[in-house]
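Just so you know, this note's numbering puts 35 at position 12 of the sequence shown, and the rest follows in order with no gaps.
Every residue gets a Cβ at the ideal spot worked out from N, C-alpha and C, and that includes glycine.
From a predicted model like this one, the values you see are computed outputs, not experimental measurements.
These notes are about the structure you will find just below.
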Amino acid sequence: INDIGQAMENPFALERGGIQEYPNPAEPGETFRMAAPPIRTEGVAAPARPAPGLGADTEDILSNLGYDQTRIAGLRDKGVI
24 INDIGQAMEN
34 PFALERGGIQ
44 EYPNPAEPGE
54 TFRMAAPPIR
64 TEGVAAPARP
74 APGLGADTED
84 ILSNLGYDQT
94 RIAGLRDKGV
104 I
């Protein structure tokens, strides 16, 4: 049984592409490593990027739900989003 540090350096995981490197959106030019998705299918690549930051898609989601820019700005001003 490996801890996280050992798992990230495991030769088998590294050799089979079980560890992926992603750009760090918080620190341009830097990267970080994560475990790759364990299930792979031919022709479908796992996304080589981290999930969006907390709240990064809030405005788009609210717009798609029918909120106008004034209402979204009001929510932001009140600290709701």
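- Note that the C-beta distance between Ala59 and Gly40 is below 8 Å.
- Counting only the Cα atoms, Glu53 lies some 22 Å from Gly78.
- Taking 3 residues as the shortest admissible run, the region 49-87 contains the following complete beta strand (DSSP E) segments, listed from N- to C-terminal end: 54-58.
- Residue state for Glu38 is assigned as helix, using DSSP reduced to three classes.
- Bridge partners of Gln43 according to DSSP: Met57.
- Between the C-alpha atoms of Lys101 and Arg94 there is a straight-line separation of about 11 Å.
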